[in-house]
Every structure is written in structure tokens, then in C-alpha cells.
Amino acid sequence: MLIELFLVFFKIGLVSFGGGYAMLPLIDREVTSKAWVQPEQLLDIIAVAGMSPGPIATNSAVMIGYNVAGVLGAIAAILGMVLPSLIIILIVAMFFFQIQEHPVVKSAFYGLRPVITGLILYASILFATRNGIIGGEGGFEPMYLAISVVALIIFFFTRIHPVFVLVASGLTGVILF
Amino acid sequence: MQSEQSLPKPGRLHMLWSIFWAFFKISPLTFGGGYVMIPLLEREFVERKKWVKTEEIADIFAVSESVPGSIAVNSGTFIGFRLAGIPGAIAAMAGAVMPTFLILLIFSALLLGNQDNPIVQQALMGIRPTIVALIAYAGYKIGRTAVIDKTTLVMVALTVAVMLVVHMHPIITILSGGVLGIILGSLKKRIQAKDNRGDLKC
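Those protein sequence lines, which keep their order, are chains A and B.
Quick note: the first sequence, position 149, residue 149 per our numbering, numbers continuous.
Quick note: the second sequence, position 131, residue 1131 per our numbering, numbers continuous.
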């Protein structure tokens, strides 16, 4: 089990370009297909991961690892997540530090960035349908949609830190529901 | 970069410890992803510790963005490597990862133990829509640097469509994005070359 956790997160760590949010669909696919976490539970894990310091993908990996196999599971998951970065950075730092200037790398990123954007947007649609925000498999709850819209407006038009918005929405939940 | 490696043993261990400790201290401050950490890293390692030169740090951030993983942890690993080779890279990465790991262990235990608590349930009902909004906003922010022309805009739409309709495996989606970028890049070069030749003939 520990080896499996390590391998799954090694695979995810290997392709985690462009920050952790783009990895959410991949984490969802790998983790729910193995029934390590219930689909409804995953967004709660991501929420706590997002409210904690550190990268959201690595944080989610720790929580999923812990859910599956306790502290050792968490260690296996985080090692899997960061080892690919370490290995690639060492190779890049030793042999071709200016790799991002190479024309082939530049064109690869020209294609990678929009795909990463698309994956993040897909992640938001996926979790929205699953959690009753815009209808779909999770049903539709107007109050959830209202909270989402208010949060979006805050993110777009103010400089309030997301962690405060998340905490405030938790308090709102306790008051409203 | 090489000079630190020839230090005598105690100096070297001390260096590794101070790399580890520097990242250990700064890492818990990185709420909300690596981009928040960039000015912090700059202040700590360029201005205060003078471990990295101003002109180097931009390169470090640029290359950290192009390798998998979080930009904060990656740039830390790069700085660690420049200071003390492979052990330095490991010390920096361990320092950057460990505090958040420990915090997350506590949060995991708390969430697991209190999932059925009605107040936790109510709080989560409020938080879930917000985290979905945060994910959408993250997509918008990355989109601003990704969408630079019509082709990239179409690629964003295509990615969402392919994921929603065909449920393509995300790894395949990511890899095809990179491959498509390379193909488009070489096509563009060929078209440009042709145009140049055409110009010469005229």
C-alpha cells in the first residue's frame, strides 16, 4: 500500500507543471479510481489543503496519504510528490540551467500553459457539479451557488487573502446552515 | 557554486543546517501557493543573506516554473544546490517541505476525527463553494499568462471540452499539450522561413 501511494504520487509529481491546481483532476482520477478517498470527501481534503500553508497539490497528497495509511502513508505520498521535482531540478541545475530559454522547451510551454489553464477550469466545473453548486450529479443548492459567486467577486475585485475568505465562508456556513 | 563544496566538514554541515533552517522558517508563511512566496524568498536570500545575486534570482524563478512541482519549493531547491551541491538541494527541499507536512498531519487528524461533527459539517458546507470559486479564479489567473493568441484560447476551450466529454486521462491531456506546442512551434518556424524566402524572391 505504501509503495502504491508512493508510485501514484510520483506519477503525479512528475507532471505537476504550472502549480498544483492543474493536478486536481489527476489526483481525483487516481485517488477515486482506487477508492482511497470518496469523491465527495476529496473536495473537503482540497479545502483543508488550500487553507493550509504550502502548495495545494502536495498538501492534498499528505492528507490523502494519511487517510489511506496514517503517518507512514502521508510520508510515502509526500516523498512521491517531491522526488520527481528534486531529480529533475538536479539534472537541470547540473547540465542545462538555461533550459527555459531553449526553443523546444518554449514551444512546449506555449502548448502546456493553455492545457493547464483548461485543466484548472475543468477542475472547478467538476467539483461544482459534484457539490450542488451548478447542478449536475450533486444536485443544485442555490445557497451554494450564491456563496461561490460572492467568493469569486471577492477574489476578482479585492485583495483579501484567500485564506481569510475560506475561513469567513466556514463561519458563514455555521451561521447559515 | 563550487566554492562551498571545498569547505571543511564542520563548515559544510553548518551551511547545510543554515540552508535547511532558512527554508524551514520561511515555508509556513506560504499560504496560497508559491507565487506569494516569491517576494519573501527574494528579500530573505538576495537582500538579507546575500546567497543569490539579484540578476540570478529571476533566472532561478523562471527555471523553477518550468520544472514540475511548486515554484516555491523548486526555487528553494535550486538555491540550495547553488550553495552546497546535491546535499544543499536536499537540505533546502526538506526544510521547505517539512513544516507544511507537519501542519498538514495535524489538520488531517483533526478532519478525520471530526468529520461527523455538525459544526464541522456546516463549516464545510460554506467552504466547499468558496474553494470551487478559488479553483476557478486560479484558472483565470494562469489563463492570463497562458492565453496570448487565438490558438491558445482555442486550446483552453478544447481542453475543458475534452475533459468534460471524453474524460481523457489528465496525464495524456498534459502530455498532448506539450507535444502540440512543439508541433505548432516548428510549424510556425517553417511558415516564417517560407515567408522570408518569399520576401527575398519579391
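Every residue, glycine too, gets a C-beta built ideally from N, C-alpha and C.
Remember, it's a predicted structure, so these values are computed and weren't measured experimentally.
Can you tell me whether DSSP reads residue i as helix, strand or coil?
| i | result |
| --- | --- |
| P1087 (chain B) | helix |
| P162 (chain A) | helix |
| P53 (chain A) | strand |
| I175 (chain A) | helix |
| S16 (chain A) | coil |
| I1148 (chain B) | coil |
| H1014 (chain B) | helix |
| F96 (chain A) | coil |
| N1117 (chain B) | coil |
| M1168 (chain B) | coil |
Roughly how many angstroms separate the alpha carbons of residue i and residue j, rounded to a whole number?
| i | j | result |
| --- | --- | --- |
| G1076 (chain B) | F1023 (chain B) | 7 Å |
| S1003 (chain B) | A1072 (chain B) | Bear in mind that a pLDDT of 46 at S1003 (chain B), under 50, signals an unreliable position, so the number given afterwards is only what the model happens to contain. Taking the straight line joining both Cα atoms gives about 25 Å. |
| P142 (chain A) | V82 (chain A) | 39 Å |
| S33 (chain A) | E1044 (chain B) | 42 Å |
| V92 (chain A) | L86 (chain A) | 10 Å |
| M958 (chain B) | P162 (chain A) | Residue numbering for chain B in the displayed model covers 1001 to 1202; residue 958 (chain B) lies beyond these limits and cannot be assessed. |
| G1113 (chain B) | R29 (chain A) | 25 Å |
| G173 (chain A) | Q1121 (chain B) | 9 Å |
| I1119 (chain B) | S124 (chain A) | 25 Å |
| M1015 (chain B) | A1084 (chain B) | 8 Å |
Residues in the same chain with beta-carbon distance under 6 Å from residue i, minus the five sequence neighbours each way, listed in chain order, please.
| i | result |
| --- | --- |
| G18 (chain A) | I116 |
| S148 (chain A) | I133 |
| Y21 (chain A) | I120 |
| G1088 (chain B) | I1019, G1080 and F1081 |
Assuming residue i and residue j make a contact with CB atoms under 8 Å, what is their CB distance in whole Å?
| i | j | result |
| --- | --- | --- |
| L1184 (chain B) | Y110 (chain A) | 7 Å |
| I89 (chain A) | F1107 (chain B) | Their Cβ separation, rounded to whole angstroms, is 27 Å, which puts I89 (chain A) and F1107 (chain B) out of contact at 8 Å. |
| P1068 (chain B) | S16 (chain A) | 5 Å |
| L152 (chain A) | P25 (chain A) | The pair is not a contact, with the Cβ atoms about 20 Å apart (cut-off 8 Å). |
| I1135 (chain B) | F127 (chain A) | 7 Å |
Leaving out five residues on either side along the sequence, give the residues of the same chain with a beta carbon under 8 Å from the beta carbon of residue i.
| i | result |
| --- | --- |
| W1021 (chain B) | G1095 |
| A69 (chain A) | M1, L2, L5 and A76 |
| G1177 (chain B) | M1155 and T1159 |
| M63 (chain A) | I45, V48, A49 and A74 |
| M1168 (chain B) | V1162 |
| H102 (chain A) | F96 |
Residues in its own chain within less than 7 Å of residue i by CB, not counting five upstream and five downstream?
| i | result |
| --- | --- |
| Y1140 (chain B) | none |
| R1128 (chain B) | none |
| V1147 (chain B) | L1153 and V1156 |
| L1029 (chain B) | L1040 |
| M1203 (chain B) | Absent from the model: residue 1203 (chain B). The displayed extent of chain B is 1001 to 1202, so no value can be given. |
| E1065 (chain B) | I1071 |
| C1202 (chain B) | Interpretation of C1202 (chain B) is limited by its pLDDT of 45, a score under 50 that renders its predicted location unreliable; no figure is taken from the coordinates. |
> Whole alpha helix (DSSP H) runs in the segment 110 to 149 of chain A with 4 or more residues, listed along the chain?
Replying inline: As far as the segment 110 to 149 of chain A is concerned, it has no whole alpha helix (DSSP H) run of at least 4 residues.
> In chain order, which continuous runs of the alpha helix (DSSP H) of length 4 or greater are located wholly inside the segment 1050 to 1079 of chain B?
Replying inline: Inside the segment 1050 to 1079 of chain B, DSSP marks whole alpha helix (DSSP H) runs of 4 or more residues at positions 1054 to 1066, from first to last along the chain.
>> Which runs of the alpha helix (DSSP H) at least 4 residues long sit entirely within the segment 33 to 94 of chain A? Give them in chain order.
In response: The segment 33 to 94 of chain A contains these whole alpha helix (DSSP H) runs: 39 to 51.
> Between the segment 62 to 95 of chain A and chain E, which residues of the former have a C-beta closer than 7 Å to a C-beta of the latter?
Replying inline: Included in the structure are the protein chains A and B, with no chain E among them.
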